[in-house]
Amino acid sequence: MMLTLPRRESLWGLAFVSPWILGAMVFTLLPMGASFVISLTNFDPRYPDAVHSVGLANYQRLLTDPLVLQSLGVTLKFALVMLPLTLGVSLGLAMLVNNPQLVGRNIFRTLFYMPTQIPIVATTLIWQGVLNLHTGWLNYVLGVFGIAGPDWLNSTLWVYPGLSLISLWGTGTMMLIALAGLQSVPTELYEAARIDGAGRWAQFRNVTIPMVSPVLFYNLIIALIGTFQYFTQAYVLTNGRGDPDNATLFFNLNLYREGWRYYDMGYAATLAWLLFVIVLALTVVLFRTRSRWVYEGAAR
Amino acid sequence: MKRNDWRTRITLGIAALLVAGACTPQAATPSPDATARPTGALITAQPSSAGGLTSDGKILVRWFVGLGTGGNPEQLGAESAAVAKCNAADGPCTKANIKLALEVYQNDVAYDTLATQIATRNAPDIIGPIGVRALNGFGDQLLDLSKYVQAKTLDTAGIEKNLVDTYIVNGKQIGIPYAVYPSYMYYNKALFKEAGLKEPPHKVGDKYTLPNGSQVDWNWDTVAQIAKILTVDSKGNDATKAGFDPKNIAQFGFDFQWTDPRGWATAIGGSGSAVAADGKTAQWPDNWKKAMQWYYDRLWKDHTAPTQDYITALAGGNTFQSGKVAMDFVHTWYTCCVYPGDNTTPVKDWDIAVAPIALDGKITAKLHADTMGILSSTLHADAAALAMNFIMTQPEIVVTYGAMPAKAADRKAFFDALDKKFEKLDPTKVDWQVASSMLSYTESVNHEANMPNFLKSDAAIKQLQSDMLTNGALNIETRLGDLVKSLQGTFGGS
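The following block contains the structure:
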């Protein structure tokens, strides 16, 4: 029997993606299903014989648990500071290392990217020292200029800028993606803009931003998901307690505490599902509004 | 057509192989070089087990280490040697047809690992050493050892009865005391000398002589008084001077290393409990309230004890070893980490003094204790008891754990070993009789005692600790009221 070309191509395609599809089913869909089942139970790994169904009790508990709202608030507050900052800084760095007048561009690209290669725990511990109220060099430098540095890690106000500084250290990957976007902008567009009398700011606003908006959109989605999954830095800095005064009790940290500190796996699974729904909803909203602010060429 | 078909089949076959390879669990490979494993992971391999038997038909007894001390790489040698001794041809394990297997985990992953093993019905037989806090997390999973104590399979001769009884919970003997760690005051002799202060007393009842020559009780008010003289800013002003700068402190009077508010409250305020006598009502006794206020004043009013920022900056939290803390109220296990321990800076000139009289008028040397236990899920309880007794009677292990033996007769050897470890100390040996004497002044309710919904209740208390160390604007009375409300909520199970 002779297979048609589209049929053969389909089979080849399926053959190549089948490891991923099966892997996703076994390692993602199956655990997701299991976590949903667990969310309907009182599962505590220390008492496997005592597990039983609790119906929707864990979901009802979400509505009355003040830490759920608090941890969501912490995550959203951090997102408000972090997302614009990381998007702006990564784009700014990308423009910097894309500038043909910059001497040693490749060296700078490497230098800005290198911090992403350092394990997050090591980075966080180093920054813990840098941001120390009394002995950190950041406050030391501020002191040289007569500025009394804040308590970056123990103030409910300053802890967010403090954590943002730590996160900026790892924007190398976003910078590279933005750099790729910048390099794909046709130079003719800038030439045309200059002929039309556009200055540097007008070129940036009317040419660069629209042309790299698909890349910014991608970075935004990744950063948003990353913010909702934010955990390691907060855990390392506060030993998982969410100090100061729960100001770093991120949603994922709260989830971790319920599951792995208190062994309340049923409720932790419920929190995981809430996180999934929130991130999914935000991603859907971003995709739905995409056509309003992301330039997609002729297809727009 | 034929050619395309075989290509498709080969590609599908490779894809299937890739998936099968990815989905097949890795077989455990015993490693003779145990120390080569990364930290945090299983350090020694689990022998294959079916029905609690090894492949050659021996009774497999698994010993799980990491819930207390024992997970440090330098301790692995003694643990492995003890296991090898038991499994030797003429060893007690071999004679009883037992194969003893060691599983060592880093402390930070040990709890989760054990919980996972229990959940997957792959639990070990023996766990330990474990402290009181860990016991509260897994205590109801432990086997009643009474019959083994009565049959003398587990040797408790020479252990004070009150210590053995500590581990009778709900009528079950869930553990055998293995090591005790009384607390007392470590002090930096050089800093006392530099400040022109007399050293604190080594005998209960001895007075302390202040710089003006007056003799006063060795209590926490005296500690507060001399701590001000011992706390110095970067310009050399001590905390009694008007020009003292609390934002630039170079040296502190005292610290409590590695304990929590129940530990602070017990040492400063005396015995107490966060649980009322009915076992379900949350409380924070008056002597503990005073203790919290006392300590908070030292943190934020006198600035004689380091707050969190300073603690982090001082030798990564091992504050006494920074050489910038004059007194440190810690347990015997701190001999693990005081000079000449690994990666410590040389604070050579130190000694120990008795616990100050608490605010309730009694000396209270809060106690830590380690035990060994057998999980009730064991398939071979008799064999596990025999192996556990062997482990608990190996002197090399006691020494490597820095554990003061629960058996009084074994303590001299322990202190001799410590003397050898600290023989470089100058000019005199550490006065270990202080440690022994403090065993007579332990609290009436252990400061790490069980509470309803223990893990959450303990977390609520740890939150108070964070708040006190990081927030200088607390109203302690209000905060303690909030804590009691929070505890009452967790006691109820929410």
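Line by line, the protein sequences give chains A and B.
Counting from 193, one number per residue, gives the positions in the first sequence under my numbering.
Counting from 3, one number per residue, gives the positions in the second sequence under my numbering.
Don't be surprised by glycine CBs; every beta carbon is placed ideally from N, CA and C.
Because the structure is a prediction, the values reported are computed rather than measured.
Worksheet item: Would a check of beta-carbon distances place L44 of chain B closer than 7 Å to chain A?
Response: Only weak support exists for where L44 of chain B lies, its pLDDT of 45 falling under 50; the value from the coordinates is given anyway. Not an interface residue.
Item to complete: Would you tell me roughly how many angstroms separate the C-alpha atoms of P308 of chain B and L212 of chain B, rounded to the nearest one?
Response: 23 Å
Discussion item. Please classify D372 of chain B as buried or exposed, where buried requires at least 16 other C-beta atoms within 10 Å of its C-beta.
Written reply: buried
Worksheet item: Near L275 of chain A, which residues of its chain fall below 6 Å by C-beta distance, leaving aside the five closest residues on each side in sequence?
Response: A415
Practice prompt. For V260 of chain A, I'd like the list of residues in its chain whose CB is within less than 6 Å of its CB, leaving aside the five on either flank, ordered along the chain.
Written response: L254
Discussion item. Counting only C-beta atoms, is G80 of chain B closer than 7 Å to chain A at any point?
Written reply: Looking at the sequence provided, one finds Ala at residue 80 of chain B rather than Gly. Judged by the 7 Å Cβ criterion, A80 of chain B is not in contact with chain A.
Worksheet item: When the cut-off is 7 Å and only beta carbons count, does L325 of chain A lie next to chain B?
Response: It does: the Cβ of L325 of chain A has a partner Cβ on chain B nearer than 7 Å.
Practice prompt. Could you name the residues of the same chain whose beta carbon sits closer than 7 Å to that of Q396 of chain B, not counting the 5 residues immediately before and after it, in chain order?
Written response: A84
Worksheet item: Considering only residues of the same chain and omitting the five flanking positions on each side of A394 of chain A, which have a CB-CB separation below 6 Å?
Response: Here A394 of chain A has no same chain residue with a Cβ atom under 6 Å from its own Cβ, once five neighbours each way along the sequence are excluded.
Practice prompt. Give the residues of chain A in contact with Q143 of chain B, contact being defined as C-beta atoms less than 7 Å apart.
Written response: R238
Item to complete: Determine the direct distance from the alpha carbon of A462 of chain B to that of D330 of chain B, and round the result to whole angstroms.
Response: Rounded to the nearest angstrom, the gap between the Cα atoms of D330 of chain B and A462 of chain B is 25 Å.
Worksheet item: Using 7 Å as the limit for Cβ to Cβ distance, is R433 of chain A near chain B?
Response: yes
Worksheet item: Heavy atom of the ligand ATP less than 6 Å from the Cβ of A415 of chain A, yes or no?
Response: No copy of the ligand ATP occurs in the structure displayed, which carries no ligand at all.
Worksheet entry | Proximal chain B residues relative to P436 of chain A, where beta-carbon distance stays under 8 Å | S468, D469, T472, N473
Item to complete: Please list the partners that Y522 of chain A has in chain B, where partner means a Cβ-to-Cβ separation under 8 Å.
Response: Examination of residue 522 of chain A is not possible in this model, given that chain A is present from 193 through 492 alone.
Item to complete: Look at A460 of chain A and L441 of chain A and say whether their C-beta atoms are less than 7 Å apart.
Response: no
Fill in: Cβ-based neighbour list, V281 of chain A, same chain, cut-off 6 Å, excluding 5 preceding and 5 following
Cβ neighbours of V281 of chain A beyond the five flanking positions: L360, T363.
Discussion item. Need the endpoints of the beta strand (DSSP E) that A328 of chain B sits in, please.
Written reply: 327–333
Worksheet item: Apart from the five residues just before and just after W212 of chain A, which ones in its own chain have a Cβ nearer than 7 Å to its Cβ?
Response: No residues qualify anywhere along the chain.
Fill in: In DSSP terms, what L369 of chain B is bridged to
B:P184
Worksheet item: Does the Cβ of Y443 of chain B have 16 or more other Cβ atoms within 10 Å, making it buried, or fewer, making it exposed?
Response: Looking at its Cβ environment, which holds 16 or more other Cβ atoms inside 10 Å, Y443 of chain B is buried.
Worksheet item: Of the residues that make up the region 340–371 of chain A, which ones have a beta carbon closer than 8 Å to any beta carbon in chain B?
Response: D343, L345, N346
Worksheet item: Which whole-angstrom value describes the C-beta separation of Q143 of chain B and L377 of chain B, a residue pair presumed to lie in contact below a C-beta threshold of 8 Å?
Response: 6 Å
Worksheet entry | Buried or exposed (CB count within 10 angstroms, at least 16 for buried), N331 of chain A | Counting C-beta atoms within 10 angstroms of its own C-beta, N331 of chain A has 16 or more neighbours from the protein chains shown and is therefore classed as buried.
Worksheet entry | Paired residues, beta bridge with E383 of chain A - DSSP | Answer is none; E383 of chain A lacks a bridge partner.
Worksheet entry | G451 of chain A beta carbon less than 7 Å from that of I507 of chain A | Outside the shown range of chain A (193 to 492) lies residue 507 of chain A, about which nothing can therefore be said.
Worksheet item: Between which two residues does the beta strand (DSSP E) carrying D353 of chain B extend?
Response: Secondary structure note for D353 of chain B: its beta strand (DSSP E) is the uninterrupted segment 352–355.
Discussion item. Short of 7 Å in beta carbon distance, which residues of its chain neighbour Q175 of chain B, apart from the five on each side in sequence? Order them along the chain.
Written reply: D146, L147, S148, V151, Y169
Worksheet entry | Residues of the region 385–407 of chain A whose Cβ lies closer than 9 Å to any Cβ of chain B, in chain order | none
Item to complete: Measuring only between beta-carbons, confirm whether D288 of chain B sits less than 7 Å from chain A.
Response: no
Worksheet item: Which word fits V333 of chain A, buried or exposed, when buried means at least 16 other C-beta atoms lie within 10 angstroms of its C-beta?
Response: By the 10 Å Cβ count, V333 of chain A comes out exposed.
Discussion item. Please classify M294 of chain B as buried or exposed, where buried requires at least 16 other C-beta atoms within 10 Å of its C-beta.
Written reply: By the neighbour-count criterion, in which 16 or more other beta carbons inside 10 Å mark a residue as buried, M294 of chain B falls on the buried side.
Fill in: Proximity to N473 of chain B [Cα-Cα], best of B:D311, B:G70, B:A410, B:C338
B:D311
Worksheet item: So, is the C-beta of I120 of chain B closer than 7 Å to a C-beta in chain A?
Response: Closer than 7 Å to some Cβ of chain A, the Cβ of I120 of chain B qualifies, so yes.
Practice prompt. Closer than 6 Å by C-beta to I312 of chain A: which residues in its own chain qualify, once you throw out the five before and the five after it? Chain order, please.
Written response: T424
Worksheet item: Which of the three DSSP states, helix, strand or coil, is assigned to Q295 of chain B?
Response: helix
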